[in-house]
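Read through the structure below, which is laid out as structure tokens, and then see the notes.
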Amino acid sequence: MKEHFTEGSFWEKLKKGAKKAGGEVVYACLLLYFVLQKPDVPLWAKGIIISALGYFILPLDAIPDITPGVGYTDDLGAVIVALGQVAIYIDEDVRKKALDKTRDWFGEDFDSSLVDNKI
Numbered sequence: 001m002k003e004h005f006t007e008g009s010f011w012e013k014l015k016k017g018a019k020k021a022g023g024e025v026v027y028a029c030l031l032l033y034f035v036l037q038k039p040d041v042p043l044w045a046k047g048i049i050i051s052a053l054g055y056f057i058l059p060l061d062a063i064p065d066i067t068p069g070v071g072y073t074d075d076l077g078a079v080i081v082a083l084g085q086v087a088i089y090i091d092e093d094v095r096k097k098a099l100d101k102t103r104d105w106f107g108e109d110f111d112s113s114l115v116d117n118k119i
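Residue numbers for the sequence shown follow the UniProt record's numbering, beginning at 1 and rising by one.
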């Protein structure tokens, strides 16, 4: 999955699929993205993040993203597993950046607790 992750493809997929994927998927992906930007995160953690985001970007996965209602559930699962593995690197700055960007797209009333409670 690492070969599918580029910064450009990440933002393109996120922007195109944000509403369909839902706020929880977007927020979880943004958490990973902003952790990836931190210079002090070790390579093993960056590898996990890049793999999970690569899976998110990949158009053909276990449940195709175009499947109504459930298309992004496998993506969310992969991203949540990755979040659990790199949770130690998710600080308040990362949470704030991810939450601010998600609220830009989904409104100020977006509730991040569904994802936050899993990590």
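Note that the Cβ used here is the ideal one computed from N, Cα and C, for glycine as well.
Taking only three categories from DSSP, how would you classify residue i?
{"i": "residue 37", "result": "coil"}
{"i": "residue 101", "result": "helix"}
{"i": "residue 120", "result": "No answer is possible for residue 120: the residues shown for the chain start at 1 and end at 119."}
{"i": "residue 58", "result": "coil"}
{"i": "residue 107", "result": "coil"}
{"i": "residue 9", "result": "helix"}
Using the Cβ count rule (16 or more neighbours within 10 Å means buried), how would you classify residue i?
{"i": "residue 88", "result": "exposed"}
{"i": "residue 40", "result": "exposed"}
{"i": "residue 81", "result": "exposed"}
With residue i and residue j assumed to form a contact (beta carbons below 8 Å), what rounded beta-carbon distance in angstroms separates them?
{"i": "residue 47", "j": "residue 110", "result": "Actually they are not in contact, since the Cβ atoms of residue 47 and residue 110 sit about 29 Å apart, beyond 8 Å."}
Rounded to a whole number of angstroms, what is the C-alpha to C-alpha distance between residue i and residue j?
{"i": "residue 76", "j": "residue 28", "result": "8 Å"}
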